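S.K.: Starting off with a structure, shown below.
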Amino acid sequence: MSYKSYISAATASLMTAVLVAISATGAMAGEENKSYVGPTIGLGGGTVFGVVSKFPISENISARPFVQFGSQSFTGGTATLALYGASATYDFKIPKSGFTPYAGIGILAATVSVTGSGFSGAASGTGVYFDLGTDYAISDSIVLNASYRSNVGGYFSVGAGYQF
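See below:
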């Protein structure tokens, strides 16, 4: 089985688990505005893994820092990517649903390193991105997250977090 096949299988399994969790739990989550930290996987132009988080600043404003890392093999080489960012989002609360959609803007730092047969190099940069997504609290301590970030060509990520 190839690297891409493993990633596709893992992604399908994660998405299936998310859909089962949402349909099985309904809206049993608390309505509190809690912080969370947890694992995430990003898809789009390659696969990245990392940590996503949320820290409420006020009733509807949150800081959402993240870090993600990934690598992609290609003929004759490997590219490694590191993304660091944080956005400020407006959280749209939907009472008694467990869902909290959000939209915001953030700052991102990215580093790309490429190595291969007879060549190597690295580049880094910063930029602004738009952050759109939703949180779904499946219990008082677990939240699922799905988001789209407009940076680096745009990518979709899914994750889960432990609320505290």
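Going by numbering that gives the first Met the number 0, the letters in the sequence shown line up with residues 0 to 163, in that order.
The beta-carbon is built from N, C-alpha and C at its ideal position, and this holds for glycine as well.
Nothing here was measured: the structure is a model prediction, and the numbers come from that model.
#1: Counting only beta-carbon atoms, is V47 nearer than 8 Å to chain C?
#2: Going straight from the alpha carbon of A62 to that of A109, what length do you get?
#3: On the DSSP bridge assignment, give the partners of N144 in chain order.
#4: Could you spell out where the beta strand (DSSP E) holding P38 opens and where it closes?
#5: Tell me, which residues are paired with K53 by DSSP?
#6: Based on DSSP bridge pairs, tell me the residues matched to S112.
#7: What's the gap between the Cα of N144 and the Cα of D134?
#8: For G52, which residues from the same chain have a beta carbon less than 8 Å from its beta carbon, with the 5 sequence-adjacent residues on both sides left out?
#9: For Q162, I'd like the list of residues in its chain whose CB is within less than 6 Å of its CB, leaving aside the five on either flank, ordered along the chain.
M.R.: Checking against the coordinates, here is how it stands:
#1: Note that chain C does not occur in the displayed structure, where there is just one protein chain.
#2: 19 Å
#3: D134, G158
#4: 35-42
#5: Y35
#6: T79, A121
#7: 5 Å
#8: The residue asked about is misnamed: residue 52 is Ser in this sequence, not Gly. Only S34, Y35, V36, G37, R63, P64, F65, G160 meet the Cβ criterion.
#9: K33, Y35, S140, V142
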